[in-house]
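Chemist: Dropping the structure in here first, questions after.
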Amino acid sequence: MDIRDRSGLGKVLDGGFDAVIHFAGRKAVGESVTDPLGYWDTNVAGSLVLLQEMSRTGITTLVFSSSCTVYGNTAEAPFAEDLPTAPINPYGETKLAVEQMLAALAAAQPHWRLASLRYFNPVGAHPSGEIGEDPHGIPDNLMPYITQVAVGRRPQLQVFGNDYDTPDGTGVRDYIHVVDLARGHVAALAYLAEHPGHSIHNLGTGRGYSVLEVIGAFERASGRRIPYAMAPRREGDAAAAWADTRRAQAALGWKAKRDINAMCRDAWNWQRRNPNGFGNEPW
Ligand code: UDP
Numbered sequence: 370m371d372i373r374d375r376s377g378l379g380k381v382l383d384g385g386f387d388a389v390i391h392f393a394g395r396k397a398v399g400e401s402v403t404d405p406l407g408y409w410d411t412n413v414a415g416s417l418v419l420l421q422e423m424s425r426t427g428i429t430t431l432v433f434s435s436s437c438t439v440y441g442n443t444a445e446a447p448f449a450e451d452l453p454t455a456p457i458n459p460y461g462e463t464k465l466a467v468e469q470m471l472a473a474l475a476a477a478q479p480h481w482r483l484a485s486l487r488y489f490n491p492v493g494a495h496p497s498g499e500i501g502e503d504p505h506g507i508p509d510n511l512m513p514y515i516t517q518v519a520v521g522r523r524p525q526l527q528v529f530g531n532d533y534d535t536p537d538g539t540g541v542r543d544y545i546h547v548v549d550l551a552r553g554h555v556a557a558l559a560y561l562a563e564h565p566g567h568s569i570h571n572l573g574t575g576r577g578y579s580v581l582e583v584i585g586a587f588e589r590a591s592g593r594r595i596p597y598a599m600a601p602r603r604e605g606d607a608a609a610a611w612a613d614t615r616r617a618q619a620a621l622g623w624k625a626k627r628d629i630n631a632m633c634r635d636a637w638n639w640q641r642r643n644p645n646g647f648g649n650e651p652w
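The numbering used here numbers the first residue of the sequence shown as 370 and each following residue consecutively.
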């Protein structure tokens, strides 16, 4: 169902829950630039409906999917949670707006237990190969693009920029395995059981990889060659972003365990077993 459907969501929450993990949001930066109202509607107004219905039903524990996009381009990596926020697109603005809503709510009503988890670059798949990433249309993100090239759905990858101030000139990101990300949510729920209020935690590995390093790791993990061509920089891209993970380690007792090789292996395992994704659309 749609998170903006108040009566439907209210009926679900009336079922009785201890906590909510809120993943329901739109997440394509480019689309947020062309459809800002759609992003504010789903991401911000949808979160407002959720919080109001949680309040009505007496559920006061929430883990929210936020994003490292809230840091913007002003600071140098690694990004720590207490840096000033400066999102540079509507997607990041909506994530920050929800964080601000949570902070204000916790300040006004201190019994709420709220965590904003700032994801870096989640990739990979469940190791079973049954749950993976199946974007609609042309993938915006690097890893699903690579896996679709590997499986023959797309002829080649475009590398957006090789003139950044990074070791090989391509963009550097902190990729995190989705299973580690999921474990981070379990750790956040345990933390909230002991800590009312609103808290913010980065979920990343603390290590950056360039686009060319990801391609190399994927080729080794899959045994497939990934043809690529250099292309101009993508608008709005930062040169390098990775997490300062100290707070998550200290507060949540959580640390990412899976490396880039596991991320590539599991992403490939899912795509190989599901060349058409979940089969919901022709390609
Ligand atoms: N990237 C690329 N080709 C693509 C998609 C992404 O070279 O087809 C680069 C992008 O410029 C960035 C990195 O891969 O340096 C990660 O991009 P992605 O869109 O996956 O995540 P973002 O960091 O933008 O959220």
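Just so you know, even glycine gets a beta-carbon here, dropped at the ideal spot from N, CA and C. Since the structure is predicted, the reported quantities are computational estimates derived from the model, not experimental observations.
What is the rounded straight-line gap between the Cα of I629 and the Cα of V413?
Modeler: As a working note, residue 629 is residue 260 in the sequence shown. As a working note, residue 413 is residue 44 in the sequence shown. C-alpha separation (whole angstroms): 33 Å.
Chemist: Less than 8 Å separating the beta-carbons of L483 and L471?
Modeler: By one-based count along the sequence shown, residue 483 stands at place 114. By one-based count along the sequence shown, residue 471 stands at place 102. Yes; because the gap between Cβ atoms is below 8 Å, this pair is in contact.
Chemist: Is Y544 helix, strand or coil when you go by DSSP?
Modeler: Against the sequence shown, residue 544 aligns to sequence position 175. Strand.
Chemist: Look at the alpha carbon of D534 and the alpha carbon of A608, and state the distance between them as a whole number of angstroms.
Modeler: Numbered from 1 along the sequence shown, position 165 holds the residue referred to as residue 534. Numbered from 1 along the sequence shown, position 239 holds the residue referred to as residue 608. Their backbone Cα atoms lie some 7 Å apart in a straight line.
Chemist: Which class does P459 belong to by DSSP, given the choice of helix, strand or coil?
Modeler: Taking the sequence shown and counting its residues from 1, one reaches residue 459 at position 90. If DSSP states are grouped into helix, strand and coil, P459 belongs with the helices.
Chemist: Give me the Cα-Cα distance between P459 and A397, rounded to the nearest whole angstrom.
Modeler: Translated into the one-based positions of the sequence shown, residue 459 becomes position 90. Translated into the one-based positions of the sequence shown, residue 397 becomes position 28. If I take the Cα positions, the gap works out to 10 Å.
Chemist: Using DSSP's beta-bridge definition, name the partner residues of N571.
Modeler: In the sequence shown, the residue the question calls residue 571 occupies position 202. Note: N571 sits in a beta bridge opposite R487.
Chemist: By how many angstroms is the C-alpha of M512 removed from the C-alpha of W652?
Modeler: The residue labelled residue 652 in the question sits at position 283 within the sequence shown. The residue labelled residue 512 in the question sits at position 143 within the sequence shown. In this prediction, W652 has a pLDDT of 44, which is less than 50 and means its spatial position is unreliable; what the coordinates show is noted afterwards. Between W652 and M512, the C-alpha separation is close to 18 Å.
Chemist: Measuring CB to CB, does V492 end up less than 8 Å from R641?
Modeler: Taking the sequence shown and counting its residues from 1, one reaches residue 492 at position 123. Taking the sequence shown and counting its residues from 1, one reaches residue 641 at position 272. Cβ atoms of V492 and R641: not closer than 8 Å.
Chemist: Can you list, in chain order, the residues of its chain whose CB lies under 6 Å from that of S591, leaving out five sequence neighbours each side?
Modeler: As a position in the sequence shown, residue 591 is number 222, starting the count at 1. If we look at S591 and ignore the five residues flanking it on each side, its Cβ neighbours are A519, W637.
Chemist: Looking at the ligand UDP, does it come within less than 7 Å of V580, judged from the CB to the closest heavy atom?
Modeler: Here residue 580 corresponds to residue number 211 of the sequence shown, with the count starting at 1. At least one heavy atom of the ligand UDP is nearer than 7 Å to the Cβ of V580, so yes.
Chemist: Leaving out five residues on either side along the sequence, give the residues of the same chain with a beta carbon under 8 Å from the beta carbon of P565.
Modeler: Within the sequence shown, the letter at position 196 stands for residue 565. Excluding sequence neighbours, P565 sits near A475, P479, H480, W481, R482.
Chemist: Looking at the structure shown, is Y514 part of a helix, part of a strand, or coil, going by DSSP?
Modeler: Within the sequence shown, numbered from 1, the residue matching residue 514 stands at position 145. Looking at Y514 - three-state DSSP - the assignment turns out to be helix.
Chemist: Going by the beta-carbon positions, is the gap between A551 and H570 smaller than 8 Å?
Modeler: By 1-based counting over the sequence shown, the position of residue 551 is 182. By 1-based counting over the sequence shown, the position of residue 570 is 201. The answer is no: Cβ separation not under 8 Å.
Chemist: What does the alpha-carbon distance come out to for the pair T403 and P447?
Modeler: For this step, residue 403 is matched to residue 34 along the sequence shown. For this step, residue 447 is matched to residue 78 along the sequence shown. Straight-line Cα distance between these residues: approximately 30 Å.
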